[in-house]
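Notes follow the structure.
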Amino acid sequence: MFVLGRLPRIIVDVALAVLATLAAIFLRTDLDIQWPDLAASAPYLCVTAASATIVIGLSGLDLGFWRFASLVDIVKVIGVALVTTICTVAIVFAYNRLEGVARAIPVMQPVLITMILLGPRLVARAHFIMRRRNPRPVAAPVMRRPAESVLILGLNSMTEVFLRALLEAGEDQVSVAGIVCIRPRHVGRFLRQYRVLGTQDDLARLVADLAVHGVDIRRIVLTVPLSALTEHARTTLIRLEAEQGIRIDQLSARLAGTRPERPPPASPAPDGRSSAQTDPFRALAVLGPADLERLAQAPYWRRKRIVDVVVTVCAALALAPLGGLVLVLVTIDLGWPPIFWQNRLGLGGAGFRLYKFRTMAPAHDSRGLRIPEDERLSGIGRVLRRSRLDELPQLWNVLIGDMALTGPRPLLAIDQPAEGRDRLVVRPGLTGWAQVKGGRTISPAEKTALDLWWIRTASFTLDLHILAGTVRMVLTGESVNRRALAEALAVFDGQGVAAPLPSSPRPRP
3 MFVLGRLPRI IVDVALAVLA TLAAIFLRTD LDIQWPDLAA SAPYLCVTAA
53 SATIVIGLSG LDLGFWRFAS LVDIVKVIGV ALVTTICTVA IVFAYNRLEG
103 VARAIPVMQP VLITMILLGP RLVARAHFIM RRRNPRPVAA PVMRRPAESV
153 LILGLNSMTE VFLRALLEAG EDQVSVAGIV CIRPRHVGRF LRQYRVLGTQ
203 DDLARLVADL AVHGVDIRRI VLTVPLSALT EHARTTLIRL EAEQGIRIDQ
253 LSARLAGTRP ERPPPASPAP DGRSSAQTDP FRALAVLGPA DLERLAQAPY
303 WRRKRIVDVV VTVCAALALA PLGGLVLVLV TIDLGWPPIF WQNRLGLGGA
353 GFRLYKFRTM APAHDSRGLR IPEDERLSGI GRVLRRSRLD ELPQLWNVLI
403 GDMALTGPRP LLAIDQPAEG RDRLVVRPGL TGWAQVKGGR TISPAEKTAL
453 DLWWIRTASF TLDLHILAGT VRMVLTGESV NRRALAEALA VFDGQGVAAP
503 LPSSPRPRP
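The number in our numbering is simply the position in the sequence shown, starting from 1, with 2 added.
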(Lines of atoms letter the chains of each structure in order from A; the text may use other names.)
(Lines give C-alpha, C1' and ligand atoms only; values in the text may rest on other atoms or scores of the structure.)
Protein backbone atom coordinates (compact mmCIF):
# COMPACT_ATOMS: atom_id res chain seq x y z
CA MET A 3 0.00 0.00 0.00
CA PHE A 4 2.87 2.33 0.84
CA VAL A 5 4.53 1.75 -2.54
CA LEU A 6 1.24 2.27 -4.40
CA GLY A 7 0.73 5.50 -2.48
CA ARG A 8 4.09 6.78 -3.75
CA LEU A 9 3.47 5.74 -7.35
CA PRO A 10 1.61 8.88 -8.57
CA ARG A 11 4.37 11.16 -7.25
CA ILE A 12 7.09 8.97 -8.78
CA ILE A 13 5.26 8.98 -12.14
CA VAL A 14 5.13 12.79 -12.12
CA ASP A 15 8.88 13.10 -11.48
CA VAL A 16 9.71 10.43 -14.08
CA ALA A 17 7.55 12.21 -16.65
CA LEU A 18 9.41 15.45 -15.93
CA ALA A 19 12.76 13.67 -16.37
CA VAL A 20 11.67 12.22 -19.74
CA LEU A 21 10.37 15.65 -20.76
CA ALA A 22 13.77 17.14 -19.92
CA THR A 23 15.48 14.50 -22.07
CA LEU A 24 13.15 15.29 -24.98
CA ALA A 25 13.97 18.96 -24.53
CA ALA A 26 17.69 18.13 -24.76
CA ILE A 27 17.09 16.24 -28.04
CA PHE A 28 15.07 19.11 -29.53
CA LEU A 29 17.59 21.73 -28.46
CA ARG A 30 20.42 19.67 -29.97
CA THR A 31 18.70 19.87 -33.39
CA ASP A 32 17.75 23.55 -33.05
CA LEU A 33 14.07 22.50 -32.69
CA ASP A 34 14.15 21.01 -36.21
CA ILE A 35 13.97 17.31 -35.41
CA GLN A 36 12.76 14.75 -37.95
CA TRP A 37 10.70 11.67 -37.16
CA PRO A 38 13.53 9.20 -37.97
CA ASP A 39 15.79 11.04 -35.52
CA LEU A 40 13.12 10.87 -32.81
CA ALA A 41 12.57 7.15 -33.45
CA ALA A 42 16.32 6.52 -33.15
CA SER A 43 16.22 8.22 -29.74
CA ALA A 44 13.39 5.99 -28.48
CA PRO A 45 15.68 3.45 -26.72
CA TYR A 46 17.47 6.28 -24.94
CA LEU A 47 14.14 7.76 -23.77
CA CYS A 48 12.86 4.38 -22.56
CA VAL A 49 16.03 3.67 -20.60
CA THR A 50 15.87 7.19 -19.14
CA ALA A 51 12.33 6.50 -17.90
CA ALA A 52 13.36 3.17 -16.36
CA SER A 53 16.50 4.59 -14.74
CA ALA A 54 14.64 7.62 -13.38
CA THR A 55 11.95 5.39 -11.86
CA ILE A 56 14.51 3.34 -9.95
CA VAL A 57 16.71 6.27 -8.91
CA ILE A 58 13.80 8.44 -7.77
CA GLY A 59 12.25 5.55 -5.87
CA LEU A 60 15.48 4.65 -4.08
CA SER A 61 16.45 8.25 -3.30
CA GLY A 62 13.05 9.11 -1.85
CA LEU A 63 12.85 12.30 -3.91
CA ASP A 64 9.08 11.89 -4.10
CA LEU A 65 8.75 11.82 -0.29
CA GLY A 66 9.45 15.53 0.11
CA PHE A 67 6.76 18.20 0.07
CA TRP A 68 7.07 20.59 -2.88
CA ARG A 69 5.75 23.54 -0.87
CA PHE A 70 8.49 22.95 1.76
CA ALA A 71 11.34 22.53 -0.74
CA SER A 72 14.72 23.27 0.84
CA LEU A 73 18.44 23.09 0.06
CA VAL A 74 18.35 19.37 0.90
CA ASP A 75 15.75 18.82 -1.84
CA ILE A 76 17.84 20.80 -4.34
CA VAL A 77 20.90 18.65 -3.63
CA LYS A 78 18.78 15.51 -3.94
CA VAL A 79 17.40 16.64 -7.33
CA ILE A 80 20.92 17.29 -8.64
CA GLY A 81 22.01 13.84 -7.47
CA VAL A 82 19.00 12.19 -9.12
CA ALA A 83 19.73 13.98 -12.41
CA LEU A 84 23.38 12.93 -12.44
CA VAL A 85 22.79 9.30 -11.44
CA THR A 86 19.91 8.91 -13.90
CA THR A 87 22.05 10.23 -16.75
CA ILE A 88 25.04 8.04 -15.85
CA CYS A 89 22.87 4.90 -15.65
CA THR A 90 21.13 5.72 -18.93
CA VAL A 91 24.37 6.34 -20.83
CA ALA A 92 25.96 3.16 -19.44
CA ILE A 93 23.00 0.94 -20.35
CA VAL A 94 22.42 2.39 -23.84
CA PHE A 95 26.15 2.31 -24.61
CA ALA A 96 26.25 -1.37 -23.69
CA TYR A 97 23.16 -1.98 -25.83
CA ASN A 98 23.94 -0.12 -29.08
CA ARG A 99 26.98 2.09 -28.48
CA LEU A 100 24.69 5.16 -28.22
CA GLU A 101 23.64 4.80 -31.84
CA GLY A 102 21.42 7.70 -32.90
CA VAL A 103 22.22 9.71 -29.76
CA ALA A 104 24.20 12.91 -30.19
CA ARG A 105 27.19 13.17 -27.86
CA ALA A 106 25.90 16.48 -26.53
CA ILE A 107 22.72 14.87 -25.17
CA PRO A 108 24.33 13.29 -22.06
CA VAL A 109 25.88 16.67 -21.25
CA MET A 110 22.63 18.62 -21.60
CA GLN A 111 20.40 15.98 -20.02
CA PRO A 112 21.36 16.32 -16.30
CA VAL A 113 21.20 20.11 -16.51
CA LEU A 114 17.71 20.08 -18.00
CA ILE A 115 16.47 17.34 -15.65
CA THR A 116 17.66 19.43 -12.70
CA MET A 117 15.94 22.55 -14.02
CA ILE A 118 12.64 20.84 -14.86
CA LEU A 119 12.46 18.87 -11.60
CA LEU A 120 13.29 21.94 -9.53
CA GLY A 121 10.98 24.29 -11.42
CA PRO A 122 7.63 23.02 -10.07
CA ARG A 123 9.06 22.69 -6.58
CA LEU A 124 10.31 26.26 -6.50
CA VAL A 125 7.01 27.53 -7.93
CA ALA A 126 5.08 25.59 -5.27
CA ARG A 127 7.38 26.97 -2.60
CA ALA A 128 6.96 30.56 -3.82
CA HIS A 129 3.19 30.15 -4.06
CA PHE A 130 3.03 28.74 -0.55
CA ILE A 131 5.01 31.67 0.86
CA MET A 132 2.91 34.27 -0.98
CA ARG A 133 -0.34 32.58 0.09
CA ARG A 134 0.42 33.10 3.76
CA ARG A 135 -1.23 36.44 4.43
CA ASN A 136 -0.34 36.57 8.11
CA PRO A 137 3.14 35.16 8.64
CA ARG A 138 3.80 33.61 12.02
CA PRO A 139 6.60 35.02 14.18
CA VAL A 140 9.78 32.99 13.87
CA ALA A 141 10.69 32.61 17.52
CA ALA A 142 11.90 29.59 19.41
CA PRO A 143 9.83 28.53 22.41
CA VAL A 144 11.45 28.65 25.80
CA MET A 145 13.20 25.34 26.47
CA ARG A 146 13.57 24.38 30.11
CA ARG A 147 15.04 20.89 29.75
CA PRO A 148 18.14 19.98 27.76
CA ALA A 149 17.76 17.36 25.06
CA GLU A 150 14.00 17.20 25.55
CA SER A 151 12.38 14.66 23.21
CA VAL A 152 9.24 16.02 21.54
CA LEU A 153 6.63 14.90 19.04
CA ILE A 154 5.05 17.43 16.70
CA LEU A 155 1.32 16.94 16.12
CA GLY A 156 0.29 18.69 12.92
CA LEU A 157 1.69 19.27 9.46
CA ASN A 158 1.37 22.86 8.24
CA SER A 159 3.28 26.11 7.96
CA MET A 160 3.51 26.40 11.75
CA THR A 161 5.27 23.03 11.82
CA GLU A 162 7.90 24.41 9.47
CA VAL A 163 8.23 27.56 11.60
CA PHE A 164 8.79 25.46 14.70
CA LEU A 165 11.44 23.35 12.99
CA ARG A 166 13.19 26.45 11.64
CA ALA A 167 13.19 27.97 15.12
CA LEU A 168 14.80 24.84 16.53
CA LEU A 169 17.41 24.92 13.78
CA GLU A 170 18.29 28.51 14.65
CA ALA A 171 18.17 28.45 18.44
CA GLY A 172 17.18 25.21 20.10
CA GLU A 173 18.51 22.22 18.20
CA ASP A 174 20.88 21.28 21.02
CA GLN A 175 18.12 21.51 23.64
CA VAL A 176 15.22 19.82 21.85
CA SER A 177 15.25 16.55 19.95
CA VAL A 178 12.35 16.10 17.53
CA ALA A 179 11.44 12.41 17.47
CA GLY A 180 9.11 12.82 14.51
CA ILE A 181 5.89 14.33 13.18
CA VAL A 182 2.33 13.09 13.65
CA CYS A 183 -0.05 14.12 10.87
CA ILE A 184 -3.81 14.44 10.52
CA ARG A 185 -4.24 12.71 7.15
CA PRO A 186 -3.05 9.13 6.57
CA ARG A 187 -1.74 9.93 3.08
CA HIS A 188 1.17 11.88 4.58
CA VAL A 189 2.53 8.96 6.65
CA GLY A 190 6.05 7.94 5.67
CA ARG A 191 6.98 11.24 4.07
CA PHE A 192 9.51 13.81 5.32
CA LEU A 193 9.45 17.46 6.31
CA ARG A 194 13.09 18.47 6.21
CA GLN A 195 14.86 15.50 7.83
CA TYR A 196 11.94 14.60 10.10
CA ARG A 197 9.75 11.64 9.21
CA VAL A 198 5.96 11.60 9.49
CA LEU A 199 5.58 8.61 11.82
CA GLY A 200 1.81 8.16 11.87
CA THR A 201 -1.58 9.80 12.26
CA GLN A 202 -3.24 11.46 15.24
CA ASP A 203 -5.04 8.23 16.17
CA ASP A 204 -1.66 6.43 16.44
CA LEU A 205 -0.39 8.68 19.25
CA ALA A 206 -0.45 6.12 22.06
CA ARG A 207 1.25 3.47 19.95
CA LEU A 208 3.90 5.90 18.67
CA VAL A 209 4.82 7.11 22.17
CA ALA A 210 5.06 3.50 23.38
CA ASP A 211 7.14 2.39 20.38
CA LEU A 212 9.54 5.32 20.77
CA ALA A 213 9.99 4.43 24.45
CA VAL A 214 11.17 0.96 23.38
CA HIS A 215 13.82 2.71 21.27
CA GLY A 216 14.98 4.74 24.27
CA VAL A 217 13.22 7.94 23.16
CA ASP A 218 11.34 9.25 26.20
CA ILE A 219 8.77 11.73 24.88
CA ARG A 220 8.33 14.56 27.39
CA ARG A 221 6.36 17.03 25.28
CA ILE A 222 3.88 16.95 22.40
CA VAL A 223 3.79 20.19 20.41
CA LEU A 224 0.45 20.91 18.73
CA THR A 225 0.71 23.03 15.59
CA VAL A 226 -3.02 22.63 14.94
CA PRO A 227 -5.95 23.68 17.16
CA LEU A 228 -7.14 21.03 19.59
CA SER A 229 -10.58 21.25 17.99
CA ALA A 230 -9.10 19.98 14.70
CA LEU A 231 -8.28 16.62 16.30
CA THR A 232 -10.54 13.61 16.59
CA GLU A 233 -12.18 12.78 19.90
CA HIS A 234 -9.92 9.74 20.20
CA ALA A 235 -6.79 11.87 19.71
CA ARG A 236 -7.92 14.45 22.30
CA THR A 237 -8.65 11.71 24.82
CA THR A 238 -5.25 10.15 24.16
CA LEU A 239 -3.49 13.48 24.76
CA ILE A 240 -5.22 13.98 28.11
CA ARG A 241 -4.41 10.39 29.12
CA LEU A 242 -0.73 10.74 28.14
CA GLU A 243 -0.49 13.94 30.15
CA ALA A 244 -2.16 12.43 33.22
CA GLU A 245 -0.53 9.00 33.22
CA GLN A 246 2.96 9.72 31.88
CA GLY A 247 3.45 13.38 32.69
CA ILE A 248 3.91 14.33 29.03
CA ARG A 249 3.42 18.07 28.58
CA ILE A 250 0.95 19.15 25.90
CA ASP A 251 2.21 22.36 24.28
CA GLN A 252 -0.45 24.07 22.17
CA LEU A 253 1.89 26.12 20.04
CA SER A 254 -0.87 27.34 17.74
CA ALA A 255 -2.85 28.74 20.67
CA ARG A 256 0.26 30.13 22.35
CA LEU A 257 1.43 32.07 19.31
CA ALA A 258 -2.08 33.31 18.62
CA GLY A 259 -2.39 34.54 22.21
CA THR A 260 -5.54 32.53 22.86
CA ARG A 261 -6.41 30.41 25.86
CA PRO A 262 -5.64 26.69 25.55
CA GLU A 263 -8.71 24.66 24.68
CA ARG A 264 -7.98 21.66 26.85
CA PRO A 265 -9.32 21.25 30.39
CA PRO A 266 -6.92 21.56 33.34
CA PRO A 267 -4.67 18.49 33.37
CA ALA A 268 -5.07 15.81 35.96
CA SER A 269 -2.36 15.40 38.55
CA PRO A 270 0.42 13.47 36.89
CA ALA A 271 0.90 9.94 38.04
CA PRO A 272 4.36 8.40 38.23
CA ASP A 273 5.74 8.45 34.73
CA GLY A 274 7.00 4.91 34.67
CA ARG A 275 10.57 5.67 35.60
CA SER A 276 12.75 2.63 36.06
CA SER A 277 13.14 1.15 39.50
CA ALA A 278 16.87 1.48 38.86
CA GLN A 279 16.66 4.96 40.38
CA THR A 280 15.90 3.41 43.80
CA ASP A 281 18.46 0.67 43.32
CA PRO A 282 21.59 0.36 45.48
CA PHE A 283 23.23 2.50 42.75
CA ARG A 284 22.57 5.34 45.18
CA ALA A 285 25.18 3.89 47.52
CA LEU A 286 27.73 2.90 44.93
CA ALA A 287 29.24 4.67 41.97
CA VAL A 288 31.69 7.42 42.83
CA LEU A 289 35.29 7.67 41.68
CA GLY A 290 37.45 10.26 43.38
CA PRO A 291 38.50 13.46 41.56
CA ALA A 292 42.14 12.35 41.57
CA ASP A 293 41.16 9.05 39.94
CA LEU A 294 39.22 10.82 37.21
CA GLU A 295 42.14 13.15 36.51
CA ARG A 296 44.60 10.26 36.21
CA LEU A 297 42.23 8.31 33.97
CA ALA A 298 41.84 11.29 31.65
CA GLN A 299 45.62 11.58 31.24
CA ALA A 300 46.35 7.87 30.77
CA PRO A 301 47.75 7.15 27.27
CA TYR A 302 45.99 3.76 27.28
CA TRP A 303 42.67 5.31 26.24
CA ARG A 304 44.13 7.00 23.14
CA ARG A 305 45.91 3.82 22.06
CA LYS A 306 42.82 1.76 22.78
CA ARG A 307 40.82 3.76 20.22
CA ILE A 308 43.36 2.96 17.49
CA VAL A 309 43.33 -0.73 18.40
CA ASP A 310 39.52 -0.75 18.47
CA VAL A 311 39.29 0.66 14.94
CA VAL A 312 41.85 -1.76 13.47
CA VAL A 313 40.31 -4.82 15.15
CA THR A 314 36.78 -3.72 14.22
CA VAL A 315 37.63 -3.32 10.53
CA CYS A 316 39.20 -6.79 10.45
CA ALA A 317 36.27 -8.31 12.35
CA ALA A 318 33.72 -6.62 10.10
CA LEU A 319 35.39 -7.99 6.96
CA ALA A 320 35.67 -11.49 8.42
CA LEU A 321 32.10 -11.55 9.75
CA ALA A 322 30.43 -9.86 6.75
CA PRO A 323 29.12 -13.15 5.24
CA LEU A 324 27.71 -14.23 8.61
CA GLY A 325 26.15 -10.80 9.12
CA GLY A 326 24.52 -11.00 5.68
CA LEU A 327 23.07 -14.42 6.51
CA VAL A 328 21.67 -13.15 9.82
CA LEU A 329 20.19 -10.14 8.02
CA VAL A 330 18.31 -12.41 5.60
CA LEU A 331 17.10 -14.75 8.36
CA VAL A 332 15.82 -11.89 10.53
CA THR A 333 14.03 -10.31 7.57
CA ILE A 334 12.30 -13.61 6.76
CA ASP A 335 11.44 -14.23 10.42
CA LEU A 336 10.35 -10.78 11.62
CA GLY A 337 10.02 -8.69 8.47
CA TRP A 338 11.42 -5.29 7.64
CA PRO A 339 13.39 -3.55 9.08
CA PRO A 340 15.81 -6.22 10.35
CA ILE A 341 17.80 -3.68 12.40
CA PHE A 342 16.59 -2.40 15.77
CA TRP A 343 17.89 0.88 17.16
CA GLN A 344 17.75 2.37 20.62
CA ASN A 345 19.04 5.59 22.15
CA ARG A 346 21.71 4.91 24.80
CA LEU A 347 24.14 7.03 26.81
CA GLY A 348 27.75 7.08 25.68
CA LEU A 349 31.00 8.87 26.47
CA GLY A 350 30.38 11.86 28.73
CA GLY A 351 26.65 11.12 28.85
CA ALA A 352 26.15 12.03 25.19
CA GLY A 353 23.33 10.12 23.56
CA PHE A 354 23.92 7.88 20.58
CA ARG A 355 21.91 5.39 18.54
CA LEU A 356 22.83 1.77 19.26
CA TYR A 357 22.06 -0.85 16.60
CA LYS A 358 21.18 -4.54 16.95
CA PHE A 359 19.56 -7.21 14.84
CA ARG A 360 15.89 -7.53 15.72
CA THR A 361 15.04 -10.51 17.91
CA MET A 362 11.47 -9.58 18.83
CA ALA A 363 8.19 -8.67 17.19
CA PRO A 364 6.84 -5.12 17.83
CA ALA A 365 6.51 -4.25 21.52
CA HIS A 366 2.98 -2.84 21.29
CA ASP A 367 -0.21 -3.70 19.48
CA SER A 368 -2.30 -1.28 17.40
CA ARG A 369 -3.91 0.11 20.59
CA GLY A 370 -0.55 0.88 22.20
CA LEU A 371 -0.83 -1.97 24.71
CA ARG A 372 2.40 -3.71 25.63
CA ILE A 373 2.83 -7.29 24.39
CA PRO A 374 4.56 -9.69 26.85
CA GLU A 375 8.19 -10.33 25.93
CA ASP A 376 7.81 -14.11 25.88
CA GLU A 377 5.21 -13.71 23.14
CA ARG A 378 7.45 -11.40 21.11
CA LEU A 379 10.74 -13.31 21.14
CA SER A 380 11.12 -15.40 17.98
CA GLY A 381 12.94 -18.71 17.65
CA ILE A 382 15.70 -17.17 15.56
CA GLY A 383 15.84 -14.24 17.97
CA ARG A 384 16.43 -16.59 20.88
CA VAL A 385 19.38 -18.17 19.06
CA LEU A 386 20.80 -14.76 18.15
CA ARG A 387 20.62 -13.58 21.75
CA ARG A 388 22.18 -16.74 23.11
CA SER A 389 25.08 -16.50 20.63
CA ARG A 390 25.33 -12.68 20.90
CA LEU A 391 25.06 -12.44 17.10
CA ASP A 392 22.33 -9.82 17.51
CA GLU A 393 25.13 -7.45 18.61
CA LEU A 394 26.99 -7.61 15.26
CA PRO A 395 25.64 -4.24 13.98
CA GLN A 396 27.36 -2.58 16.93
CA LEU A 397 30.65 -2.99 15.08
CA TRP A 398 29.43 0.08 13.20
CA ASN A 399 28.99 1.91 16.52
CA VAL A 400 32.59 1.03 17.40
CA LEU A 401 33.87 2.14 14.01
CA ILE A 402 32.28 5.60 14.17
CA GLY A 403 33.42 6.18 17.75
CA ASP A 404 30.20 5.76 19.72
CA MET A 405 31.47 2.59 21.40
CA ALA A 406 34.59 0.56 22.10
CA LEU A 407 35.22 -3.17 21.90
CA THR A 408 35.46 -3.41 25.70
CA GLY A 409 33.84 -1.21 28.30
CA PRO A 410 30.70 -0.79 30.39
CA ARG A 411 27.56 -1.72 28.47
CA PRO A 412 25.58 1.42 27.49
CA LEU A 413 22.36 2.05 29.39
CA LEU A 414 19.11 3.77 28.53
CA ALA A 415 18.95 7.30 29.93
CA ILE A 416 16.04 6.24 32.14
CA ASP A 417 18.19 3.48 33.69
CA GLN A 418 21.28 5.65 34.26
CA PRO A 419 20.93 7.54 37.57
CA ALA A 420 23.18 10.46 38.34
CA GLU A 421 24.86 8.39 41.05
CA GLY A 422 26.25 6.01 38.43
CA ARG A 423 27.58 8.68 36.13
CA ASP A 424 31.23 7.66 36.53
CA ARG A 425 30.56 4.76 34.14
CA LEU A 426 30.30 7.46 31.47
CA VAL A 427 33.92 8.63 31.69
CA VAL A 428 34.84 6.05 29.01
CA ARG A 429 33.21 4.80 25.83
CA PRO A 430 30.69 2.00 26.38
CA GLY A 431 31.70 -1.40 25.06
CA LEU A 432 30.42 -4.33 23.04
CA THR A 433 31.34 -6.47 26.02
CA GLY A 434 32.76 -5.71 29.43
CA TRP A 435 34.08 -6.91 32.76
CA ALA A 436 30.58 -6.95 34.26
CA GLN A 437 29.33 -9.21 31.47
CA VAL A 438 32.07 -11.85 31.68
CA LYS A 439 32.25 -11.86 35.51
CA GLY A 440 28.60 -11.36 36.41
CA GLY A 441 26.25 -11.73 33.47
CA ARG A 442 22.59 -10.82 33.71
CA THR A 443 21.84 -12.26 37.16
CA ILE A 444 23.76 -9.81 39.37
CA SER A 445 22.25 -6.55 40.59
CA PRO A 446 22.76 -3.18 38.86
CA ALA A 447 24.92 -2.04 41.79
CA GLU A 448 27.20 -5.05 41.41
CA LYS A 449 27.49 -4.44 37.66
CA THR A 450 28.45 -0.86 38.38
CA ALA A 451 31.13 -1.99 40.83
CA LEU A 452 32.62 -4.36 38.24
CA ASP A 453 32.51 -1.64 35.55
CA LEU A 454 34.25 0.91 37.77
CA TRP A 455 36.85 -1.64 38.85
CA TRP A 456 37.65 -2.21 35.17
CA ILE A 457 37.85 1.54 34.49
CA ARG A 458 40.36 1.93 37.35
CA THR A 459 42.53 -1.02 36.25
CA ALA A 460 42.03 -1.06 32.46
CA SER A 461 44.83 -2.41 30.29
CA PHE A 462 45.24 -4.30 27.02
CA THR A 463 45.92 -7.49 29.00
CA LEU A 464 42.61 -7.06 30.78
CA ASP A 465 40.89 -6.38 27.44
CA LEU A 466 42.20 -9.67 26.04
CA HIS A 467 40.92 -11.39 29.17
CA ILE A 468 37.46 -9.85 28.56
CA LEU A 469 37.38 -10.90 24.89
CA ALA A 470 38.43 -14.45 25.76
CA GLY A 471 35.85 -14.53 28.55
CA THR A 472 33.17 -13.38 26.11
CA VAL A 473 33.94 -16.27 23.76
CA ARG A 474 33.82 -18.69 26.69
CA MET A 475 30.53 -17.17 27.89
CA VAL A 476 28.93 -17.62 24.45
CA LEU A 477 30.04 -21.26 24.31
CA THR A 478 29.30 -22.33 27.90
CA GLY A 479 26.81 -19.79 29.22
CA GLU A 480 26.93 -17.07 31.88
CA SER A 481 28.30 -17.54 35.39
CA VAL A 482 29.04 -15.30 38.37
CA ASN A 483 32.67 -15.00 39.46
CA ARG A 484 32.27 -14.27 43.17
CA ARG A 485 35.97 -13.58 43.64
CA ALA A 486 36.00 -10.86 40.95
CA LEU A 487 32.79 -9.41 42.37
CA ALA A 488 34.16 -9.30 45.91
CA GLU A 489 37.35 -7.64 44.67
CA ALA A 490 35.33 -4.99 42.84
CA LEU A 491 33.05 -4.30 45.82
CA ALA A 492 36.06 -4.07 48.16
CA VAL A 493 37.23 -0.96 46.31
CA PHE A 494 34.33 1.08 47.70
CA ASP A 495 33.75 2.27 51.23
CA GLY A 496 30.41 2.33 53.04
CA GLN A 497 29.40 5.53 51.26
CA GLY A 498 30.05 4.13 47.80
CA VAL A 499 33.23 6.17 47.27
CA ALA A 500 36.16 4.41 45.63
CA ALA A 501 39.51 4.20 47.35
CA PRO A 502 42.29 6.17 45.61
CA LEU A 503 44.14 4.50 42.79
CA PRO A 504 47.40 2.85 43.93
CA SER A 505 50.60 4.58 42.94
CA SER A 506 51.90 1.43 41.24
CA PRO A 507 49.99 -0.70 38.76
CA ARG A 508 47.86 -3.47 40.19
CA PRO A 509 48.46 -7.05 39.11
CA ARG A 510 46.34 -8.02 36.15
CA PRO A 511 44.21 -11.19 36.10
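Positions of the beta carbon are idealized from the N, C-alpha and C atoms, including for glycine.
The model shown is predicted, which means the values in this text are computed figures rather than measured ones.
- The beta carbon of TYR196 sits closer than 8 angstroms to the beta carbons of ILE154, LEU165, VAL178, GLY180, ILE181 from its chain, once the five residues preceding and following it are set aside; these are given in chain order.
- Around the Cβ of THR450, a 10 Å sphere holds 16 or more other Cβ atoms; the residue is buried.
- The alpha-carbon separation between PRO430 and GLY351 amounts to approximately 10 angstroms.
- Counting the other Cβ atoms within 10 Å of the Cβ of ASP34 gives fewer than 16, which makes it exposed.
- The C-beta distance from ALA363 to LEU336 rounds to 6 angstroms, short enough to fall under 8 angstroms.
- Setting aside the 5 residues that flank it on each side, ASP453 is surrounded in the same chain by PRO410, ARG425, ALA436, each with a C-beta closer than 6 angstroms to its C-beta; the list follows chain order.
- VAL332 has its alpha-carbon roughly 20 angstroms from the corresponding atom of ALA320.
- VAL223 and ILE250 have their alpha carbons spaced roughly 6 angstroms apart.
- Restricting attention to beta strand (DSSP E) runs no shorter than 3 residues, the region 424-495 encloses them at 431-433, ordered along the chain.
- Using a Cβ-Cβ distance cut-off of 8 angstroms, the region 53-63 and the region 27-44 are not in contact, since fewer than three pairs of beta carbons, one from each stretch, lie closer than that value.
- Pairing ARG221 with VAL312 gives a Cβ-Cβ distance that is not under 7 angstroms.
- With a minimum length of 3 residues, the unbroken runs of beta strand (DSSP E) contained wholly in the region 296-358 fall at 341-347.
- Contact annotation, LEU157 with LEU193: C-beta distance approximately 7 angstroms; criterion of less than 8 angstroms satisfied.
- A straight-line Cα-Cα distance of about 21 angstroms links PHE130 and VAL77.
- Selection ALA96, ARG8, VAL189, ARG207 evaluated against GLY200 yields VAL189 as nearest (Cα-Cα).
- Only exposed fits LEU324, as fewer than 16 other CB atoms lie within 10 angstroms of its CB.
- Straight-line measurement puts the Cα of VAL226 at about 14 angstroms from the Cα of GLU233.
- When Cβ pairs closer than 8 angstroms are counted between the two stretches, the region 393-402 is seen not to touch the region 372-385, the count staying below three.
- With a threshold of 16 other beta carbon atoms within 10 Å, PRO412 meets it and is buried.
- Per DSSP, the continuous alpha helix (DSSP H) segment holding GLU243 begins and ends at 233-246.
- Restricting attention to ALA167, PHE462, ALA71, GLN111, the CA atom closest to the CA of THR90 is found in GLN111.
- Taking 7 angstroms as the cut-off, the Cβ atoms of THR86 and SER43 do not count as close.
- Linking VAL16 to CYS183 through their CA atoms gives a straight-line distance of about 27 angstroms.
- GLY479 counts as exposed, since fewer than 16 other C-beta atoms from the protein chains shown sit within 10 angstroms of its C-beta.
- Our two residues, LYS439 and VAL428, have alpha carbons roughly 19 angstroms apart in a direct line.
- SER72 sits in coil when the DSSP states are folded into three classes, being neither helix nor strand.
- For GLY216, the three-state secondary structure derived from DSSP is coil.
- In the three-state reduction of the DSSP assignment, MET110 falls in the helix class.
- Residue nearest to LEU347 within the set ASP404, PRO122, VAL330, SER481 is ASP404 (criterion: CA-CA distance).
- Within the model, the alpha-carbon separation for LEU205 versus ASN345 is close to 20 angstroms.
- Residue environment for THR463: exposed (fewer than 16 other C-beta atoms within 10 angstroms of its C-beta).
- When ALA213, ALA317, PRO108, MET117 are compared, the shortest CA-CA separation from THR50 is found for PRO108.
- In terms of CA proximity to LYS358, PRO339 leads the group GLY381, PRO339, ARG474.
- Under the criterion of beta carbons closer than 8 angstroms, LEU119 and ALA19 qualify as touching, at roughly 7 angstroms.
- For ALA460, the CB contacts under 7 angstroms within the same chain, skipping 5 residues up- and downstream, are TYR302 in chain order.
- Listed as beta-bridge partners of ARG221 by DSSP are VAL152, ARG249.
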